[in-house]
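Take a look at the structure below.
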Amino acid sequence: MGLLILLAIIVVAIVYVVSIYNGLVTARNSYKNAFAQIDVQLTRRHDLIPNLVETAKAYLAHERGTLEAVAQARSAAIGGLAAAKRNPGDPQAMQQLSATEDGLTQSLGRLFAVSESYPDLKANETMMQLTEELTSTENRVAFARQAYNDAVMTYNNRCEVFPGSFIANNFSFKEAQSLEIEDKAMREAPKVSFG
Numbered sequence: 478m479g480l481l482i483l484l485a486i487i488v489v490a491i492v493y494v495v496s497i498y499n500g501l502v503t504a505r506n507s508y509k510n511a512f513a514q515i516d517v518q519l520t521r522r523h524d525l526i527p528n529l530v531e532t533a534k535a536y537l538a539h540e541r542g543t544l545e546a547v548a549q550a551r552s553a554a555i556g557g558l559a560a561a562k563r564n565p566g567d568p569q570a571m572q573q574l575s576a577t578e579d580g581l582t583q584s585l586g587r588l589f590a591v592s593e594s595y596p597d598l599k600a601n602e603t604m605m606q607l608t609e610e611l612t613s614t615e616n617r618v619a620f621a622r623q624a625y626n627d628a629v630m631t632y633n634n635r636c637e638v639f640p641g642s643f644i645a646n647n648f649s650f651k652e653a654q655s656l657e658i659e660d661k662a663m664r665e666a667p668k669v670s671f672g
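If you count by my numbering, then the sequence shown holds residues 478 to 672, one letter each, in order.
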């Protein structure tokens with residue numbers, strides 16, 4: 478009888494460890510899937526930029542440096558995304574992705590600031606449509622980033638809370654890195670003045 482009780486305790490312990498392991502795998506797969514959604518939206522963003530630059534080229538012929546900066550930032554962002562796709566959650570890859578996307582956002586901001594000086598460009602139907610699509614994509618990126626960060630938090634919590642931490646350490650589950658906003662202007666509240 479004692480042997481059956483011992484055997485039952487061992488079976489329950491094994492089932493418990495397996496369920497914790499499976500929970501960790503599920504959480505890891507969830508944040509990787511959430512990153513795939515970021516990948517889709519960032520790829521869409523990157524694909525819109527050449528059309529935006531081509532539309533602006535005719536109007537901004539003497540603003541070549543701005544257009545080249547956007548093209549270079551786009552190339553860097555594509556490289557950052559490729560590195561992050563290879564290993565979603567890796568701290569270095571997420572920091573590189575964040576930095577390259579921040580650079581792209583800043584160069585696009587300069588392009589839009591320069592385009593404000595050209596009423597014909599602002600009124601161009603293609604430019605307006607591309608700008609609207611880019612804005613919509615930026616919103617989708619923000620939602621996808623939030624979902625990814627939530628999935629990373631859930632995964633990291635499972636890895637850090639006992640007994641999950643014991644299983645995570647023994648089976649090489651590494652902490653995942655969230656995707657943070659680097660652009661300080663996006664973090665600051667807008668300043669309003671009525672004076």
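Ideal Cβ positions, reconstructed from N, Cα and C, are used throughout, including at glycine. Only a predicted model underlies this, so the values are computations on that prediction, with no experimental measurement involved.
key: Three-state secondary structure assigned by DSSP to residue 653   = In the sequence shown, counting from the first residue as 1, residue 653 sits at position 176. Here residue 653 sits in coil by DSSP.
**Request:** Within 10 angstroms of the Cβ of residue 488, are there 16 or more other Cβ atoms? Answer buried if so, exposed if not.
**Result:** On the sequence shown, position 11 is the one that residue 488 refers to. Result: exposed.
- Identify which residue in 496, 503, 508, 532 has its Cα closest to the Cα of residue 605. Against the sequence shown, residue 605 aligns to sequence position 128. By alpha-carbon distance to residue 605, the top candidate from 496, 503, 508, 532 is 532.
Spatial distance of residue 535 from residue 498 (CA atoms) | Your numbering for residue 535 matches position 58 in the sequence shown. Your numbering for residue 498 matches position 21 in the sequence shown. Cα to Cα, the separation comes out at about 58 Å.
Does the pairing of the region 627-643 with the region 537-551 give three or more beta-carbon distances under 8 Å? No contact exists between the region 627-643 and the region 537-551.
Just to confirm, is the Cβ distance from residue 614 to residue 522 under 8 Å? Reading the sequence shown from its first residue, position 137 is the one you call residue 614. Reading the sequence shown from its first residue, position 45 is the one you call residue 522. Yes; because the gap between Cβ atoms is below 8 Å, this pair is in contact.
- Message: Buried or exposed for residue 491, going by 16 or more other Cβ atoms inside 10 Å?
- Response: Locating residue 491 in the sequence shown gives position 14, where the first residue counts as 1. Exposed, since its Cβ has fewer than 16 Cβ neighbours within 10 Å.
_Please tell me whether residue 580 and residue 553 are closer than 8 Å, where the distance is taken between their beta carbons._
Counting from 1 along the sequence shown, the entry for residue 580 is found at position 103. Counting from 1 along the sequence shown, the entry for residue 553 is found at position 76. In this structure, residue 580 sits near residue 553, with a CB-CB distance shorter than 8 Å.
Three-state secondary structure (DSSP) of residue 556: Mapped onto the sequence shown, residue 556 falls at position 79. If DSSP states are grouped into helix, strand and coil, residue 556 belongs with the helices.
Fill in: Any alpha helix (DSSP H) of 4 or more consecutive residues that is wholly inside the region 564-643
The DSSP assignment places 568-592, 596-600, 602-637 as complete runs of the alpha helix (DSSP H) inside the region 564-643, in order along the chain (cut-off: 4 residues).
For the alpha helix (DSSP H) containing residue 531, name the first residue and the last one.
Within the sequence shown, residue 531 is the residue found at index 54, counting from 1. First-last of the alpha helix (DSSP H) with residue 531: 479-534.
Q) residue 500 to residue 511, Cα distance in whole Å? A) On the sequence shown, position 23 is the one that residue 500 refers to. On the sequence shown, position 34 is the one that residue 511 refers to. Cα to Cα, the separation comes out at about 16 Å.
Q) Taking the Cβ atom as the reference point for each residue, do residue 508 and residue 556 lie within a distance shorter than 8 Å? A) Here residue 508 refers to the residue found at position 31 of the sequence shown. Here residue 556 refers to the residue found at position 79 of the sequence shown. No, Cβ-Cβ distance for residue 508 and residue 556 is not below 8 Å.
Distance, residue 576 Cα to residue 583 Cα | What you label residue 583 is simply residue 106 of the sequence shown in a count that begins at 1. What you label residue 576 is simply residue 99 of the sequence shown in a count that begins at 1. Answer to the nearest angstrom: the Cα atoms are 11 Å apart.
TODO: With a 10 Å radius around its C-beta and 16 neighbouring C-beta atoms as the bar for buried, classify residue 644 as buried or exposed.
DONE: For the purposes of this step, residue 644 is taken as the residue at position 167 of the sequence shown. By the neighbour-count rule (16 or more Cβ atoms within 10 Å), residue 644 is buried.
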